[in-house]
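Engineer: Here full-length UniProt numbering is used: the first residue of the sequence shown is 1, the next is one more, and so on. Once you've had a glance at the structure underneath, I'll fire off some questions.
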Amino acid sequence: MDAPKFLAMVRSQDPITEQDAKSYAQTLENKEASSGCYMIKCMRPCVFPIGCTYNNSCDWCLWPGCSSIPFGCCIVLRGSNEQGYYVNIKGDTVVVKADDENDTLACFAHNSENSGNVCCYCNKV
């Protein structure tokens, strides 16, 4: 998928695939997610906000240290700024930088029939 079409889908909060998100992330000069406050929007049953988090980003990890989601402080996503995506320690959740200009992240869960499709967006506020 070409980048303009992909970005239009992300900015409209439309469903995207993990493969397309990773392909886009690989084209970015700065692949690292940025620290800051993010609103989390679930894709099911419709796109709506479910919480907020203050993500702390460093070279190898993305940590939602301050979050309104219970037990979010226990999640550490590992990756690198060369990849453009982060994976949790169990390997069942992937977070990808899906929009460089707006610092939007896309989250993909690998534990359901919808594996490989975006389950939520994290929009920087």
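Ideal placement from N, C-alpha and C gives every residue a C-beta, glycine not left out.
(1) Using 10 angstroms around the beta-carbon of Cys58, count the other beta-carbons present and answer buried if the total reaches 16, otherwise exposed.
(2) Start and end of the alpha helix (DSSP H) containing Gln43?
(3) Report the option in Cys42, Tyr54 and Ser112 whose CA atom is closest to the CA atom of Gly36.
(4) What separation, rounded to the nearest whole angstrom, lies between the Cα atoms of Val96 and Val125?
(5) Excluding five sequence neighbours on each side, which residues of the same chain lie with their C-beta closer than 7 Å to the C-beta of Gln26?
(6) Compute the Euclidean distance between the alpha carbons of Cys74 and Pro64, then round it to the nearest angstrom.
(7) Helix, strand or coil: how does DSSP classify Ala8 here?
(8) For a quick check, are the C-beta atoms of Ile40 and Ala106 less than 8 Å apart?
(9) Is any heavy atom of the ligand NAP found at a distance shorter than 7 Å from the C-beta of Thr53?
(10) Taking the alpha-carbon of Gly91 as reference, which of His110, Asn102, Ala98 and Asp99 has the nearest alpha-carbon?
Structural biologist: So, to answer that:
(1) exposed
(2) Checking the sequence, you will find Met at residue 43 rather than Gln. That residue, Met43, is in no alpha helix (DSSP H); it is neither H nor E in DSSP.
(3) Tyr54
(4) 17 Å
(5) Gly84
(6) Residue placement at Cys74 is poorly supported in this model, since its pLDDT is 49, which falls under 50; the coordinates still yield a value, given next. Rounded to the nearest angstrom, the two C-alpha atoms are 8 Å apart.
(7) helix
(8) no
(9) By its list of ligands, the structure shown contains no ligand whatsoever, and the ligand NAP lies outside what it can speak to.
(10) His110
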